[in-house]
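Protein chains in written order, with numbering that gives the first Met the number 0: chain A, 0 to 224; chain B, 0 to 224.
Working notes for the structure below.
2 protein chains.
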Amino acid sequence: MSDLLATGLSTAVQNKIEDLVLQGKLQGGDKLNEVELAELFGTSRGPIREACKGLVQAGLLTAVPNRGVFVRKMDVREALEVYDIRAFLDQLIGQLAATHGSDEQIQELWDIHARLDKAVRADDFEAYYPENLAFHEKLLEMTGSRRLTTMYLSLVKELHLFRRKGLIQQGSMDVSNAEHALILEAIAHRDPVKAGLAMRNHVMTAKQRLMTAIEVQSVSEQIAS
Amino acid sequence: MSDLLATGLSTAVQNKIEDLVLQGKLQGGDKLNEVELAELFGTSRGPIREACKGLVQAGLLTAVPNRGVFVRKMDVREALEVYDIRAFLDQLIGQLAATHGSDEQIQELWDIHARLDKAVRADDFEAYYPENLAFHEKLLEMTGSRRLTTMYLSLVKELHLFRRKGLIQQGSMDVSNAEHALILEAIAHRDPVKAGLAMRNHVMTAKQRLMTAIEVQSVSEQIAS
DNA sequence: AATCCATCAATTGTTGACAATTTACCACAA
DNA sequence: TTGTGGTAAATTGTCAACAATTGATGGATT
Numbered sequence: 000m001s002d003l004l005a006t007g008l009s010t011a012v013q014n015k016i017e018d019l020v021l022q023g024k025l026q027g028g029d030k031l032n033e034v035e036l037a038e039l040f041g042t043s044r045g046p047i048r049e050a051c052k053g054l055v056q057a058g059l060l061t062a063v064p065n066r067g068v069f070v071r072k073m074d075v076r077e078a079l080e081v082y083d084i085r086a087f088l089d090q091l092i093g094q095l096a097a098t099h100g101s102d103e104q105i106q107e108l109w110d111i112h113a114r115l116d117k118a119v120r121a122d123d124f125e126a127y128y129p130e131n132l133a134f135h136e137k138l139l140e141m142t143g144s145r146r147l148t149t150m151y152l153s154l155v156k157e158l159h160l161f162r163r164k165g166l167i168q169q170g171s172m173d174v175s176n177a178e179h180a181l182i183l184e185a186i187a188h189r190d191p192v193k194a195g196l197a198m199r200n201h202v203m204t205a206k207q208r209l210m211t212a213i214e215v216q217s218v219s220e221q222i223a224s
Numbered sequence: 000m001s002d003l004l005a006t007g008l009s010t011a012v013q014n015k016i017e018d019l020v021l022q023g024k025l026q027g028g029d030k031l032n033e034v035e036l037a038e039l040f041g042t043s044r045g046p047i048r049e050a051c052k053g054l055v056q057a058g059l060l061t062a063v064p065n066r067g068v069f070v071r072k073m074d075v076r077e078a079l080e081v082y083d084i085r086a087f088l089d090q091l092i093g094q095l096a097a098t099h100g101s102d103e104q105i106q107e108l109w110d111i112h113a114r115l116d117k118a119v120r121a122d123d124f125e126a127y128y129p130e131n132l133a134f135h136e137k138l139l140e141m142t143g144s145r146r147l148t149t150m151y152l153s154l155v156k157e158l159h160l161f162r163r164k165g166l167i168q169q170g171s172m173d174v175s176n177a178e179h180a181l182i183l184e185a186i187a188h189r190d191p192v193k194a195g196l197a198m199r200n201h202v203m204t205a206k207q208r209l210m211t212a213i214e215v216q217s218v219s220e221q222i223a224s
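As C-alpha cells, this is what we get:
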C-alpha cells in the first residue's frame, strides 16, 4: 500500500478497489465480497466497508441494503449524458486555461503536442495515450481551479465504467491531435471563447465516434442473432 | 431515522450529519468526535465512520489521519471558484431545460413564478426561499440528466459551507425574480441559447452580490480593528 | 516564569465476534 | 419436470474490545 501513512488504510484500499474497477478487472454489475477483499488486502472488513462507502459516493459502486455493493452498471444513455456534461466542462476548462494559463504552461503544452505529433506519425497508440492524458491534465492545471479538476476527473473515471468489449477506439489519433492544435492555438492567442469551443468540439467528436461505434456494434449483434 | 430500511443505518447517519453541517450547527473547522456522534445517534462507531467517509468523499468533511474528521473550511477563493463552475452548469441546465422540458413542466414553472412574484410583492422572504428552491429543482428535473442533477446539488451543498455570520442576503428578491422571468420566457420560446445565458447571468449576479457583501464585511472589520 | 519530559487520559484505527438477513441447497409434493 | 418449503450456509450489518496514536496534565529543571 503506497499511501498508507499519508491517508490511512481505508483510503489505500479504496484506491486499490478503484483501480480494479477502472482497469475492468471488476466489471459492471459484479458483486464485491467483503471477506474476499479483506483477505486479498490483508485487513479486516471494517476498512473495506469504509472504502466501499467512499466509492459509492464517488459513483463507481452502487449499494443495495443487506445485499452488498456492486460495480455500477452504466448504460448507453447515461454514458452519453455524462459525455454532454464533460463536453461542457471542457469548454469551461478551455476558457479558464486561455485566461489563467502561464506562458510556461503554454510552452509545455506545445512540447506535449510535439510528442503527440511524433506518436501520430509513427502510428504508435501506446505512446499517444499517456501524452494525451498529460495534455488534458496540463490544461486542468492551467485552470487554477482545484474543484473543477476533481469534478472533471471524477467524470472521466465514471466514463471508464462504459468500457465495453470491442469498443476500444484507438484510431483517429490524427484527427484528435489536429483538434489539439486548434485548442493550443486559441490558448496561445489568449482567446478564451475560441479555446472553449475548440475544447467542446474535441469532446463532441469523441462522443460522436463512440455513438457510431455503438451503432456498429449494435447492428453486428443484430446480424449475429 | 427516516430512511433506515431503505438505505441502511450508515446512510441515515450520513444524512443526519450532513444536515448538521448544512444547517451550520457544525461550522467550518469543527472537529467531529466519533463517540459523541455515536451516542447521539444511538449506534456504535462503525456506522459513524462509514458515514464520515462518505461525507469526506462528498467534500463536506476533511479527514486527517490519526486525528479525525473536520468540517471543511471554505475560503473566499474556493467559494468564488465554485460559483464559476455553478454558473457554467446553470447555463447547461438552462439549455437542456429549454430543449427537453415538457409543456406541462413549463406550466409548472409559471405557477412557481407566480407564487414567487406574490412573495416579492409581500416582501416575504420566508415564502420566497422554498419556492425559489422549487423553481431551480424543477429546472433540474427538466434537464432529464440525473448525473447533472446530482453534480449540481453537490455544488450547492458545498456552497453552504461558506455561510459566514452576517452574510445572509435576503434582499434583492425582486431582481432575482425578474431574472427568473427572463429564464422562463426563453424556455417557453424553446430558445436554449438564450435560456442558458439567462441562467448563467442569474448566478453571476448572485456571485456579484456575494462579492460586494464580502467586500463590505471586510471593510467594516478593518474599521473595527 | 518558561521549557522540557514523563505519564496518563482521550481519541482514532483495527479487529474479531455476534446478530440479522439473504442466498443456496435439497427433500418433497403436485 | 416443476414448484414449494424448510433448513443450513454464506454474507452483510452492527457492536464491543483491543491496539496505536495523539493530546493533556503536571512536575522537574534551567
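Even glycine gets a Cβ: it sits at the ideal position worked out from N, Cα and C.
Note that the structure is predicted; figures quoted are calculated from it, not measured.
Cβ distance (whole Å) where residue i is taken to contact residue j below 8 Å
{"i": "T140(A)", "j": "Q104(A)", "result": "Position check: residue 140(A) holds Glu in this sequence, whereas Thr was assumed. Going by Cβ atoms, the distance from E140(A) to Q104(A) rounds to 7 Å, so yes, they are a contact pair."}
{"i": "E77(B)", "j": "L54(B)", "result": "Not quite, the Cβ-Cβ distance comes to about 17 Å (not below 8 Å), so this is no contact."}
{"i": "I47(B)", "j": "A57(B)", "result": "Rounded, the Cβ-Cβ distance is 16 Å, inconsistent with contact."}
{"i": "K52(B)", "j": "K52(A)", "result": "5 Å"}
{"i": "R145(B)", "j": "I84(A)", "result": "In fact, because the Cβ distance is near 11 Å, the residues do not count as touching under 8 Å."}
{"i": "L31(B)", "j": "G67(B)", "result": "6 Å"}
{"i": "A50(B)", "j": "Q13(B)", "result": "4 Å"}
{"i": "R44(B)", "j": "E35(B)", "result": "Not really, about 10 Å apart at Cβ, beyond 8 Å."}
{"i": "G27(B)", "j": "L160(B)", "result": "6 Å"}
{"i": "L59(A)", "j": "V20(A)", "result": "5 Å"}
{"i": "V81(B)", "j": "L132(B)", "result": "Actually they do not touch by this definition, with Cβ atoms about 18 Å apart."}
{"i": "T204(A)", "j": "E220(A)", "result": "Not quite, the Cβ-Cβ distance comes to about 25 Å (not below 8 Å), so this is no contact."}
{"i": "L8(A)", "j": "T42(A)", "result": "6 Å"}
Neighbour flag for residue i against chain B, beta carbons, 8 Å
{"i": "L91(A)", "result": "yes"}
{"i": "Q56(A)", "result": "yes"}
{"i": "T6(A)", "result": "yes"}
{"i": "L147(A)", "result": "yes"}
{"i": "V155(A)", "result": "no"}
{"i": "V81(A)", "result": "yes"}
{"i": "M172(A)", "result": "no"}
{"i": "S219(A)", "result": "no"}
{"i": "E49(A)", "result": "yes"}
{"i": "F40(A)", "result": "no"}
{"i": "E130(A)", "result": "no"}
{"i": "I84(A)", "result": "yes"}
{"i": "S144(A)", "result": "yes"}
{"i": "F134(A)", "result": "no"}
{"i": "M0(A)", "result": "Caution applies to M0(A), whose pLDDT of 48 falls short of 50 and renders its modelled position unreliable; the model cannot decide the point."}
Chain A within 8 Å of residue i, Cβ atoms only
{"i": "A185(B)", "result": "no"}
{"i": "E140(B)", "result": "no"}
{"i": "F161(B)", "result": "no"}
{"i": "R189(B)", "result": "no"}
{"i": "A180(B)", "result": "no"}
{"i": "K52(B)", "result": "yes"}
{"i": "S9(B)", "result": "yes"}
{"i": "E77(B)", "result": "yes"}
{"i": "F124(B)", "result": "no"}
Exercise. Which runs of the alpha helix (DSSP H) fall wholly inside the stretch 33–95 of chain A and span at least 4 residues, in chain order?
Worked result: Fully enclosed alpha helix (DSSP H) runs of 4 or longer: 33–40, 44–57.
Exercise. Given 8 Å as the limit, is there contact between the stretch 182–198 of chain A and the stretch 151–158 of chain A, that is, 3 or more CB pairs closer than that?
Worked result: At 8 Å Cβ cutoff, the stretches do not touch.
Problem set entry | Three CB pairs or more closer than 8 Å across the stretch 187–196 of chain B and the stretch 112–122 of chain B | No, the stretch 187–196 of chain B does not touch the stretch 112–122 of chain B.
Exercise. Is the stretch 124–144 of chain A close to the stretch 64–74 of chain B, with three or more CB pairs under 8 Å?
Worked result: No: the two stretches stay apart, fewer than three of their Cβ pairs being nearer than 8 Å.
Problem set entry | chain A contacts made by the stretch 56–74 of chain B, where a contact means CB separation under 9 Å | Listed by position along the chain: Q56, A57, G58, A62, P64, N65.
Exercise. Which residues, in chain order, does the stretch 191–210 of chain A contribute to contact with chain B at a C-beta distance below 9 Å?
Worked result: For the stretch 191–210 of chain A, no residue has a beta-carbon sitting nearer than 9 Å to a beta-carbon of chain B.
For this session: For the stretch 103–168 of chain A, list the alpha helix (DSSP H) runs that are entirely contained and at least 4 residues long, ordered along the chain.
Result: Runs of the alpha helix (DSSP H) lying entirely within the stretch 103–168 of chain A and spanning at least 4 residues, in chain order: 124–142, 145–159.
Exercise. Hey, is the stretch 79–90 of chain A in contact with the stretch 199–206 of chain A, meaning 3+ C-beta pairs nearer than 8 Å?
Worked result: Yes, the stretch 79–90 of chain A is in contact with the stretch 199–206 of chain A.
Problem set entry | Positions along the stretch 14–47 of chain A whose CB lies within less than 8 Å of some CB in chain B | Against chain B - using a Cβ distance shorter than 8 Å - the residues of the stretch 14–47 of chain A are G45.
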